[in-house]
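Going line by line, the protein sequences match chains A and B. Take the first sequence: its position 59, counted from the start at 1, is 59 in UniProt numbering, and no numbers get skipped. Take the second sequence: its position 261, counted from the start at 1, is 261 in UniProt numbering, and no numbers get skipped. Ideal placement from N, C-alpha and C gives every residue a C-beta, glycine not left out. Remember, it's a predicted structure, so these values are computed and weren't measured experimentally.
Protein chains: 2
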Amino acid sequence: MNKQNVTIYDVARESGVSMATVSRVVNGTSNVRPSTKKKVMDVIEKLNYRPNEVARGLASKKTTTVGVIIPDVTNNYFASLARGIDDIAAMYKYNIILANSDGKEKKELKVINTLLSKQVDGIIFMGNEITPAIRKSFKDANVPIVLAGSVDSKKTVPSVNINYKNAIENVTSELINHHNKKIAFVSGDLRHSINADHRLKGYCDALSKHDIQYNQNYVFETNESYKDGYEISQNIVDQKISAAVVTDDSLAAGILNWMTDHNISVPDDFEIITSNDTQITEMTRPKMSSITQPLYDIGAVAMRLLTKIMNGDIEDKYKENDVLLQYGVINRESTRK
Amino acid sequence: MNKQNVTIYDVARESGVSMATVSRVVNGTSNVRPSTKKKVMDVIEKLNYRPNEVARGLASKKTTTVGVIIPDVTNNYFASLARGIDDIAAMYKYNIILANSDGKEKKELKVINTLLSKQVDGIIFMGNEITPAIRKSFKDANVPIVLAGSVDSKKTVPSVNINYKNAIENVTSELINHHNKKIAFVSGDLRHSINADHRLKGYCDALSKHDIQYNQNYVFETNESYKDGYEISQNIVDQKISAAVVTDDSLAAGILNWMTDHNISVPDDFEIITSNDTQITEMTRPKMSSITQPLYDIGAVAMRLLTKIMNGDIEDKYKENDVLLQYGVINRESTRK
DNA sequence: ATGAAAGCGCTAACAG
DNA sequence: CTGTTAGCGCTTTCAT
């Protein structure tokens, strides 16, 4: 019942060596004679000594913890990335401080600051948009930062993503090939680069390649919620639109269920293809066709990249560092063959 | 471009006071003459000084960070609790170190240790089971611990939950009232106290109150996955079971969809009621009836309780501290009226 | 109201 | 291979 925490000094005294030696055996750095090493280890065991990482952090200027900024853990897309991040972090002996931001700039800025004051060794940022203020605080931070599943329109920060533009272009083309003339593009906030510069661009490119006129009425801006999907569906149908490319699975589920609830058969009368291939694509009836993204891997690779940068293993960290992972498309039941 | 971080010493010098005074204005503790306070604040602003929380943690023995152990962030049930935890933590100026355990004792033990070595001020634990080893490490930890959405059969740790037994008993009774004679109980690992001692108990109590014979063949032990639900359904149907009480929403969705896929009408031919009221209960067709739990609140209340204990605001922290939040039942479309 | 000084527990030269 | 000695940046008595 050692209430008082035992320190390195206690171990040193008890085993008749200096604290430097204890530090050495604990860190496995530099050589220590096997016999004294064993002696120290025994005392550590006996006293149940556990190094104080805070003291270590102060002395070494490394905390072995990284900050992870996430819009909302409750969102399966981001949660999947987070899982990949944490697993790789654990693999490299890092811990993560997880902070929800709701994708709000103000919260993001605040949390970046507290993370920095906690001396994290690096930050993984997930967010809808890298605003100028965010970009500035990234620049001022003296720790490396990597984006996961998030794009920086200015490409000023290393990131890992898929090629959203190509992916959306692919599925839009497929829908066009199914003879759909009017195809909706249903996304989140169009002020966000990921939606405007990448996904909408892909949609537009597909249209123009097939000589289809772009119609602004067919693009729907939402909050990417199930409810939003359900609510905009009437409007979609009223315009005689026959297919939709959707950027979020919950959102897509809302549209799908509205159709079903209104006796519009999917995929016979209406086709839907969504973007994130989260678990819910399998749970709806019909199951949803989707772009497939290696969600876990995006997080994992981002964390791996961060460890490399923190380690100085990367020649030029300002160099091009936008890794694009492979995406795919899975045709389930919300699209025709 | 202040590459070198500015320290408390720098602002002390720059503003012509001692570091003790700077510390005082930063912490707002004890009195400082308004004029000198302003002077210091200005310098802090000018130098863009940000207190080093690690140094502060070492000196004060408080890190204002708490550890959160979670089986899997990717699981919406736990993610919802985590969101409640983080929000309240932020409200009280704490950060959370989030660690996934997969509910595996070995990982849990390991992570408890690293959390403790990082000097967290407290821990919120979510897990399926408090094993003797876990209980021991909790006892040895010299920081408070609170369970969220998790039960300790020995009631040795403060916790916040709902009354799982009563909830399951309620819904089972309802199914019995719908004239179902054979009702399945589909749960996760029955070695876990929450399933065996609480939920199964509730199921049994409902049966016995209605003079229905308990039949072991009607209880299904699973991994609580969608896939498991889908796979056990044939067995359920083969036994002429006409309703199921399920402990997890994905699991329930699996059963529901299997029924639908096999032309068994829910709820006409088969009734299902699930337990967690996560988002997917609204996404399936028919929508699933469910026990409703205040998921976010369970996390939030757990965190609030932890802050109180950390603060010493609770008289006797060894006293009965099992808070039970209100649950409800919502009848959607997978049960008859 | 403010300053001086002693740590907090550990790492990291620097000696030897 | 091992010990000595400075700090790391801040909080916290104890004086004044």
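One or two residues paired with residue i in a DSSP bridge
i        : result
B:PHE78  : B:PHE78 pairs with nothing; no bridge assigned.
A:ALA244 : A:ALA184 and A:ILE272
B:GLY122 : B:VAL66
B:THR292 : B:GLY328
A:VAL323 : A:VAL160
A:ALA90  : In DSSP, A:ALA90 forms no bridge with anything.
A:ALA148 : A:VAL160
Chain A residues whose Cβ lies nearer than 9 Å to that of residue i
i        : result
B:ASN95  : GLY67, ILE97, LEU98, ALA99, VAL111, THR114, LEU115 and LYS118
B:THR274 : Residues of chain A passing the Cβ test: none, with the nearest at roughly 12 Å.
B:ASN128 : The premise fails here: B:ASN128 is roughly 18 Å from chain A at the closest Cβ pair, so nothing lies under 9 Å.
B:ASN166 : The premise fails here: B:ASN166 is roughly 27 Å from chain A at the closest Cβ pair, so nothing lies under 9 Å.
Interface partners of residue i on chain B, CB under 7 Å
i        : result
A:GLU282 : TYR226
A:VAL246 : Those within 7 Å of A:VAL246 in chain B number zero; the least Cβ separation is about 14 Å.
A:ASP268 : Result: empty, since nearest Cβ-Cβ is about 16 Å, beyond 7 Å.
A:GLN234 : Those within 7 Å of A:GLN234 in chain B number zero; the least Cβ separation is about 18 Å.
For residue i, the first and last residue of its enclosing alpha helix (DSSP H)
i                      : result
A:SER208               : 201–209
B:VAL143               : B:VAL143 -> no alpha helix (DSSP H), and no H or E assigned at all.
A:VAL111               : 105–117
B:ASN166               : 164–177
A:ALA59                : 53–60
A:VAL40                : 34–47
residue 338 of chain A : One cannot answer for residue 338 of chain A here, as it falls past the ends of chain A, which runs 1 to 337.
A:ALA253               : 249–261
A:VAL237               : 226–238
B:THR281               : 280–283
Unbroken beta strand (DSSP E) run spanning residue i, endpoints
i        : result
A:GLY67  : 65–70
A:VAL73  : Note, A:VAL73: premise wrong, no beta strand (DSSP E); not H, not E.
B:GLU221 : 219–221
B:ASN5   : Neither: B:ASN5 is in no beta strand (DSSP E) and is coded neither H nor E.
A:ALA99  : 95–100
Cβ-Cβ separation, residue j to residue i (assumed contact under 8 Å), whole Å
i        : j        : result
B:ILE96  : B:THR65  : 7 Å
A:GLY84  : A:ILE298 : 7 Å
A:GLU221 : A:LEU190 : 5 Å
A:THR335 : A:GLU271 : 5 Å
A:ALA184 : A:ALA141 : Not a contact, Cβ separation roughly 40 Å.
B:ASN163 : B:THR247 : Contact flag wrong, Cβ pair sits at about 14 Å.
B:ASN113 : A:ARG50  : 7 Å
B:ILE124 : B:ALA302 : 6 Å
B:VAL146 : B:SER137 : Not confirmed; about 15 Å, so no contact.
B:SER225 : B:SER250 : 6 Å
A:ILE69  : A:VAL111 : 6 Å
A:ILE130 : A:SER153 : 7 Å
B:LEU81  : B:GLY149 : 5 Å
B:LYS182 : B:LYS139 : Not confirmed; about 44 Å, so no contact.
B:ASN311 : B:SER290 : In fact, because the Cβ distance is near 36 Å, the residues do not count as touching under 8 Å.
Residue i: contacting residues in chain A (beta-carbon distance under 7 Å)
i        : result
B:ARG285 : ASN257, THR260 and ARG285
B:VAL73  : VAL73, ALA79, ALA82 and ARG83
B:THR131 : Chain A residues near B:THR131: none, gap ~19 Å exceeds 7 Å.
B:ASN161 : What B:ASN161 touches in chain A: nothing, since even the nearest Cβ is about 19 Å away.
B:ASN223 : Within 7 Å Cβ-Cβ: nothing; B:ASN223 doesn't reach chain A, min ~14 Å.
Within chain B, partners of residue i - CB distance below 9 Å
i        : result
A:ARG332 : Ordered by position in chain B, no residue passes the 9 Å Cβ test against A:ARG332, which lies about 13 Å from the chain.
A:THR63  : VAL54 and LYS118
Within chain B, partners of residue i - CB distance below 8 Å
i        : result
A:ALA253 : MET283
A:ASP86  : VAL73, LEU98, ALA99 and ASN100
Check: residue i C-beta below 8 Å from any heavy atom of the ligand FAD
i       : result
A:VAL11 : The ligand FAD is not part of the structure shown, which contains no ligands of any sort.
Beta-carbon neighbours of residue i, restricted to chain A and to distances below 8 Å
i        : result
B:SER265 : Correct list: empty, because the minimum Cβ distance to chain A is about 13 Å.
B:SER250 : GLN279 and MET283
B:ASN217 : Ordered by position in chain A, no residue passes the 8 Å Cβ test against B:ASN217, which lies about 27 Å from the chain.
Contact set between the UniProt domain "HTH lacI-type" (6–60) of chain A and chain B, restricted to residues whose Cβ is under 7 Å from the partner:
ARG50, PRO51, ASN52, GLU53, VAL54, ALA55, GLY57 and LEU58
Quick one, which residues of the segment 291–321 of chain B are near chain A if we go by CB-CB under 8 Å, in chain order?
none
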